[in-house]
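Asker:
Protein chains in written order, with the working numbering: chain C, 506 to 947; chain Z, 15 to 1101.
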């Protein structure tokens, strides 16, 4: 009897020896994570993954860009209070959707920076392969910084990953310096990325297209026009004859860079647009102003807006069930209009070339040529064309703000302070850098 | 009923014969054991026989039974190493006495008596009669008289008389009666015995369960509250945490919602953690219980609770350990207090069967005043300043749905339980089975549970005892989504205007309202969870030596939690996805081993107790989650019918804990008591720099009432001073937070990794240092008792999600920064106001806790948490409400004016200020028990005073915007300049409307309440009234739970939190499921 007890006690002790040695089962430790080229590939995809967030291209980012402007409005009977603030251009710094947007963009930057810091140490990659990887990461970083500065103005510029809790008080950097960094990053990407790559990832011409856009925002019109031309001529993209196909087919010939969504990582754009009769939430609806802007016979009208019991709703992204439609960030049509605008605002505007570009877009939409004459009219025509061409794609707000037209066009915007979104309250609370102060007017 | 009588008689007869045969056999086997051969040295000179017997008793295990006339004989002896038989032979040589040895008893009788005994031995058995009385001579009815060593026996009748037939080998009877000390009576040579029972109802002799052991209540030097089964037996409360409410000073229980099977927040002496759990550690029979919400499908704050699997009917007693000295022995898990639950176990008695049934109805005790159809239409016209509804339409109110009547219902609750307890000297058992069925007062919710328990103790030999406790349960819950979603029956029901009917004329659900039809969700959406649980253990107690015992217990808590949800196309959410289904599994298993070595020694007036323990726990958590869409048919609920798997994942996590602990208890003369404890805990969750924690504590107590100078003060029966100080910990940290990890995701169908956290190798437990000063008073023989405690808890190393600038890519890192303090006073008063035929006892407890955050990282407050804007800031309690201070409606504009606290001419977020505190000033309970003849009546009140509640529902129901239904109060809204009112104007001006709806003191209310928590009236029928012996007692009772609630709160229930058990978002109502008022009829039957 006693022997049995002693033996069982010993067994008990032995069994418990390694009780506190446990390993994580759902995550990889940092020392194991980046060893080979395949790991870098996974890291790069990790940097893309933030784009899929609901606070980013999954819902909030494109919706806010039309909601703050005059393409979308917030129905009276809808429930998301934070959307009301955006619709009224009276956003409180505590606005959660705004804060989440800021956070997810910096999340993308941090992941990219993290992988960037690991690339040099990988043993089984050639210098060329490393440059390709870095180029893709710089593209991601540049796109995030671009989106941030377009909403918030002067922003912290992050080029190093966050590895500890020190030195996190990042200063707000003036807009032109942000753009300088974006251009540096994109230029490297243009240099080093291969030309053909999947559309859900960065490519040489994808970087060029984004660069064209960035130049336009920076008002560097010559460079913008040059870049746009390069993409149009040598990118291998083509406008789809049927406008509706642009949004129906994934990775089609017109798309330059899009964000991948699937049933596992879904977007909720349709859910927030669709009316309740079709089981959507209808937090936003196309504004009457937009509906009135479409000309008769404009193919884009039926491809962008549908009606249910006289209620209009946006249908470019219409997968309510699975949310699996990819979101197009840049497509070829944008290059035409960028070139047209860059030429129009450049030193030597060529009205015919401008009209040609404008008409390319109009003809594809089933419309007749533009009747605008003179640079002034052409610029207005381009603005109007951009509005209907890119409705519900997250362009309108930025177009109005960068051209200085927001106060004139938008009824709720009366002060230049309202052309910037407020820095989220959480950032102001935690970032102690003296330059981290709120945008004026908030 | 004659056939039952004969069955019992038959059983008794058979068992008697069976046991007789066995005991004859065993006793003959033992007849030649060592007892008879114990040798000792005896040297006495001219002493009385009694002296000699005492000497022998002192040197051996024998007990002597003799008559008074043994004094007359004197004896002189000197013997070495003689067996007792030889000694007695010598001693009684010249007397007319002889002896008989039976095991350890030696009976001295006259030789004459022995002869008659020998005569009697020729017969197999004989009859013994007797009377059992208490110390005042009153006969005791129903005292149990059992032949020692068997389970045969009888009970005394109304006159205290009994008659029992005993086999000749039996020499002892054991007489037991509740509330009296057990008595053993020798019947050797006797045919009639009179037994006087000595009362054992002195409260101070009560045994209190403490960490890893028990202690007499009088000798406890820690702050421990106890709740007995008697206090909680009539409460129709399905879960253990609900039972604690209002019963013990310092224990604040908040039933966050009325969700059946939902989790309650239990706070012992305040909130000690912000990121970690503030719930106490629950231990059942020595094994920690897995608690918490393991649901993977979100129901927006109204979570499930693993604690509800336990059956309250099985509880014998609950000990709540509150101060450091009591809790430090649980080391890194003791900071929040410990709830020790002991389940019922068998006793040496005839098997007693208990049947406990109750059946009742529940309903919502409160409804909100909402606009009816007419008022709604008028409001809409006013809001839009147009004729949305014509005059005719306003008058046509054929559709005027009272949605609260639709979503709330009168719901039944039933509980059926049967238990059996009994045992012999060696084996004791308790078995019970219970079935609880509770329908929820909100449509679409209910809760069913089966419990089974078997507790067996067996004395393997007289040194070794083994036993097991097996608890099994199965629970099924039907759930609905709560607030925060657009698919919850309660928020949808309240927010839908009265102009919408439930059904369309064609019978389909009307979906025209702003929210999906609540009845369609309740009827068509399937949301269930199933819980399969076992809390079981096996143990061994080995008495190595008289003073040294070893015990080992191996326990397992295994929870299998499955969720099944399906919405067909008949609901809005299901239609969106053509059928949406979820299937999740969670397995949590916790294996625990406790090994204790205990040493107790008494040297004259010194008593020393020492405990050494080694314990380890291994916890495994495995889970999986699948979401499927696009179902083949509305009736096929399981995911194999789904065409698309939208999401599938599985996960695993392990934890390990190893501990060494000890306790030293020194007691001088039961007057001066000193206790010291210490524990080392090593956990796999702690960072590499802080792998092991040490938690010491010490306490002292002085029983002043035992001192000479106090003994003369008659009215003072107890005066004890206590002081304790010690360190405990809270280890509720997510595993692996200390290391740098990469998480997994995918992009474009390929696997992707990303950095998921910033590492912190210094990560460790939160530690709480607690000082406790206590006083126990008793007056008039403890007819009035009072316990008072003052405590001061300082918690350091708070695990805080220290916020980081979001521009870093991370929003926070978990670090041990931060300090919180809890100080408070507890008072418990118990009085026996009337004893006798009419009895009245009162028990009152009250406690006030003052919580204050002392330090946060860089003084940075954690802001704007929850819908009511709770905040964590230095110098204030956790969760203080911080937002705009509303000055009311401006009579000239009809808009709310907010206080410009920083006087800068603008209302910005800098004008926010402290507007309220969700933590109460005082909580407590008052119980009055009355009994008269066969009636018993109890009233239990429970109260909370000084807690503020943010009524978040009013953000929508008083918003004067949108399509939501509004509360009746909006009919008194501002209409024109000059109106003085508290409700602002209805306007479509978006800016003004948003400003009026800001989170502010406008929606903050006083949540103090007093509840008649339980009122019970019972009537007992027992053998005195009934003639037959069919049952021992039958009690019928009527009980009302939440009979009255007195409060100024305008929402559904002042005891509310929409986020469930959360540390920082507290005291906020957002369409939260209210509690039910319950009326039950119950039956306690004892056979």
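Every residue, glycine too, gets a C-beta built ideally from N, C-alpha and C.
Pull out every residue of the region 592-608 of chain C whose Cβ sits closer than 8 Å to any Cβ of chain Z, in chain order.
Answerer: Result list: 592, 593, 595, 597, 598, 599, 604, 607 and 608.
Asker: Against chain C, which members of the region 752-771 of chain Z pass a CB distance test of less than 8 Å?
Answerer: Correct list: 753, 754, 755, 756, 757, 758, 759, 760, 761, 762, 763, 764, 765, 766, 767, 768, 769 and 770.
Asker: Quick one: grab the DSSP three-state call for residue 694 (chain Z).
Answerer: Working through the second chain from its first residue, we reach residue 694 (chain Z) at position 680. The answer is strand: DSSP assigns residue 694 (chain Z) an E or B state.
Asker: Could you round the C-beta distance between residue 930 (chain C) and residue 923 (chain Z) to whole angstroms and report it? I think they count as a contact, below 8 Å.
Answerer: Numbered from 1 along the first chain, position 425 holds the residue referred to as residue 930 (chain C). Numbered from 1 along the second chain, position 909 holds the residue referred to as residue 923 (chain Z). Contact flag correct, Cβ pair sits at about 7 Å.
Asker: For residue 816 (chain Z), which residues of its own chain have a beta-carbon under 7 Å away from its beta-carbon, when the five flanking residues on both sides are left out?
Answerer: For the purposes of this step, residue 816 (chain Z) is taken as the residue at position 802 of the second chain. So the list reads 826, 827, 829, 831 and 871, once near-sequence residues are dropped.
Asker: Residues of chain Z with a CB under 8 Å from the CB of residue 581 (chain C): which are they?
Answerer: Locating residue 581 (chain C) in the first chain gives position 76, where the first residue counts as 1. Neighbours of residue 581 (chain C) on chain Z, chain order: 975, 976, 977 and 1002.
Asker: Would you check if there are 3 or more beta carbon pairs closer than 8 Å linking the region 834-848 of chain Z to the region 623-637 of chain C?
Answerer: The region 834-848 of chain Z, when compared against the region 623-637 of chain C, does not touch it at the 8 Å Cβ threshold.
Asker: Mind pulling the chain Z residues with CB within less than 8 Å of residue 770 (chain C)?
Answerer: The residue labelled residue 770 (chain C) in the question sits at position 265 within the first chain. Those are 759, 760 and 761, listed as they occur along chain Z.
Asker: Could you tell me which residues DSSP pairs with residue 181 (chain Z) in its beta bridges?
Answerer: By 1-based counting over the second chain, the position of residue 181 (chain Z) is 167. Looking at the DSSP assignment, residue 181 (chain Z) forms a beta bridge with Z:139.
Asker: My assumption, with CB atoms under 8 Å, is that residue 226 (chain Z) sits in contact with residue 623 (chain Z). Please give the rounded CB distance.
Answerer: Translated into positions along the second chain, residue 226 (chain Z) becomes position 212. Translated into positions along the second chain, residue 623 (chain Z) becomes position 609. Contact flag wrong, Cβ pair sits at about 11 Å.
Asker: Which residues share a DSSP beta bridge with residue 624 (chain Z)?
Answerer: Position 610 of the second chain, counting from 1, holds the residue named residue 624 (chain Z). Paired residue(s): Z:613 and Z:678.
Asker: Go ahead and pull the three-state DSSP assignment for residue 38 (chain Z).
Answerer: Here the question's residue 38 (chain Z) lines up with position 24 in the second chain. At residue 38 (chain Z) the pLDDT is 43, less than 50, meaning the model places this residue with poor confidence; the figure from the coordinates comes in the next sentence. Residue state, collapsed to three classes: helix.
Asker: Please check if any C-beta of chain Z sits within less than 8 Å of the C-beta of residue 541 (chain C).
Answerer: Position 36 of the first chain, counted from the start, is the residue given in the question as residue 541 (chain C). For residue 541 (chain C), the answer is no, since every Cβ of chain Z falls outside 8 Å of its Cβ.
Asker: Could you check whether residue 765 (chain C) and residue 697 (chain C) sit closer than 8 Å to each other, using their CB atoms as the reference points?
Answerer: For this step, residue 697 (chain C) is matched to residue 192 along the first chain. For this step, residue 765 (chain C) is matched to residue 260 along the first chain. Against a cut-off of 8 Å, the Cβ pair of residue 765 (chain C) and residue 697 (chain C) comes out as no contact.
Asker: Check this for me: beta carbons of residue 550 (chain Z) and residue 569 (chain Z), under 8 Å apart or not?
Answerer: Locating residue 550 (chain Z) in the second chain gives position 536, where the first residue counts as 1. Locating residue 569 (chain Z) in the second chain gives position 555, where the first residue counts as 1. Against a cut-off of 8 Å, the Cβ pair of residue 569 (chain Z) and residue 550 (chain Z) comes out as a contact.
Asker: Quick one: which chain C residues come within Cβ less than 8 Å of residue 643 (chain Z)?
Answerer: Taking the second chain and counting its residues from 1, one reaches residue 643 (chain Z) at position 629. Per Cβ cutoff of 8 Å: 768, 826 and 827.
Asker: Cβ closer than 8 Å: which chain Z residues qualify as neighbours of residue 532 (chain C)?
Answerer: Taking the first chain and counting its residues from 1, one reaches residue 532 (chain C) at position 27. Neighbours of residue 532 (chain C) on chain Z, chain order: 750, 755, 756, 757, 758 and 770.
Asker: Can a CB atom of chain C be found closer than 8 Å to the CB of residue 667 (chain Z)?
Answerer: Locating residue 667 (chain Z) in the second chain gives position 653, counting from the first residue. So, interface residue.
Asker: DSSP on residue 46 (chain Z), reduced to helix/strand/coil?
Answerer: To locate residue 46 (chain Z), count along the second chain from 1; it is residue 32. At residue 46 (chain Z), the pLDDT of 36 sits below 50, so the modelled position is not reliable and the matter cannot be decided from this model.
Asker: If contact means a Cβ-Cβ distance below 8 Å, which residues of the region 813-843 of chain Z contact chain C?
Answerer: Residues 816, 817, 818, 819, 820, 821, 822, 823, 824, 825, 827 and 829.
Asker: Which residues in chain Z sit within 8 Å of residue 614 (chain C), going by Cβ to Cβ distance?
Answerer: Numbered from 1 along the first chain, position 109 holds the residue referred to as residue 614 (chain C). Ordered by position in chain Z, the residues that pass the 8 Å Cβ test against residue 614 (chain C) are 823.
Asker: Using CA atoms only, rank isn't needed, just tell me which of Z:792, Z:777 and Z:419 is closest to residue 3 (chain Z).
Answerer: Because chain Z here runs from 15 to 1101, residue 3 (chain Z) falls outside it and cannot be looked at.
Asker: Could you tell me whether the region 565-580 of chain Z touches the region 513-520 of chain Z, using the rule of 3 or more Cβ pairs below 8 Å?
Answerer: These segments do not touch.
Asker: Is DSSP giving residue 784 (chain C) helix, strand or coil here?
Answerer: Position 279 of the first chain, counting from 1, holds the residue named residue 784 (chain C). Residue state, collapsed to three classes: coil.
Asker: So for residue 717 (chain Z), helix, strand or coil by DSSP?
Answerer: Sequence index remark: in the second chain, residue 717 (chain Z) carries index 703 (1-based). Strand, per DSSP.
Asker: Any idea what DSSP makes of residue 607 (chain C), helix, strand or coil?
Answerer: Within the first chain, the letter at position 102 stands for residue 607 (chain C). Correct three-state label for residue 607 (chain C): helix.
Asker: With a threshold of 8 Å between beta-carbons, can residue 565 (chain C) be considered close to chain Z, or not?
Answerer: What you label residue 565 (chain C) is simply residue 60 of the first chain in a count that begins at 1. No - not a single Cβ of chain Z is within 8 Å of the one on residue 565 (chain C).
Asker: Quick one, which of Z:454, Z:779 and Z:770 has its alpha-carbon nearest residue 620 (chain C)'s?
Answerer: Within the first chain, numbered from 1, the residue matching residue 620 (chain C) stands at position 115. For residue 620 (chain C), the nearest C-alpha among the options comes from Z:770.
Asker: Does the region 372-386 of chain Z come within contact of the region 419-430 of chain Z, defined as at least 3 CB pairs closer than 8 Å?
Answerer: Because the criterion of three Cβ pairs below 8 Å is met, the region 372-386 of chain Z and the region 419-430 of chain Z touch.
Asker: Run through DSSP, which three-state label would residue 459 (chain Z) get?
Answerer: By 1-based counting over the second chain, the position of residue 459 (chain Z) is 445. It is coil, neither helix nor strand.
Asker: If you count every other CB in all the chains shown that lies within 10 Å of the CB of residue 1102 (chain Z), and 16 or more means buried, which is it?
Answerer: With chain Z covering only 15 through 1101, there is no way to say anything about residue 1102 (chain Z).
Asker: For the alpha helix (DSSP H) containing residue 816 (chain C), list its first residue and its last residue.
Answerer: The residue labelled residue 816 (chain C) in the question sits at position 311 within the first chain. Counting along the chain, residue 816 (chain C) falls outside any alpha helix (DSSP H), though it belongs to the beta strand (DSSP E) covering 816-819.
Asker: In the structure shown, what three-state DSSP assignment does residue 217 (chain Z) receive?
Answerer: As a position in the second chain, residue 217 (chain Z) is number 203, starting the count at 1. Summary for residue 217 (chain Z): the model assigns pLDDT 45, below 50, so the residue's position carries little reliability; its value from the coordinates is reported in the next sentence. Note: residue 217 (chain Z) maps to helix in three-state DSSP.
Asker: Would you grab the beta carbon distance between residue 272 (chain Z) and residue 1088 (chain Z) for me? Rounded to a whole angstrom, and I think it's under 8 Å.
Answerer: Along the second chain, one-based indexing puts residue 272 (chain Z) at 258. Along the second chain, one-based indexing puts residue 1088 (chain Z) at 1074. Right, the Cβ-Cβ distance comes to about 5 Å (below 8 Å), so this counts as a contact.
Asker: Could you tell me which uninterrupted alpha helix (DSSP H) segments, each at least 4 residues in length, are contained entirely in the region 666-754 of chain C, listed from first to last along the chain?
Answerer: Runs of the alpha helix (DSSP H) inside the region 666-754 of chain C: 680-697, 709-722, 726-739 and 748-753.
Asker: Could you tell me whether the Cβ of residue 576 (chain C) comes closer than 8 Å to any Cβ of chain Z?
Answerer: Position 71 of the first chain, counted from the first residue, corresponds to residue 576 (chain C). So no, residue 576 (chain C) is outside the interface.
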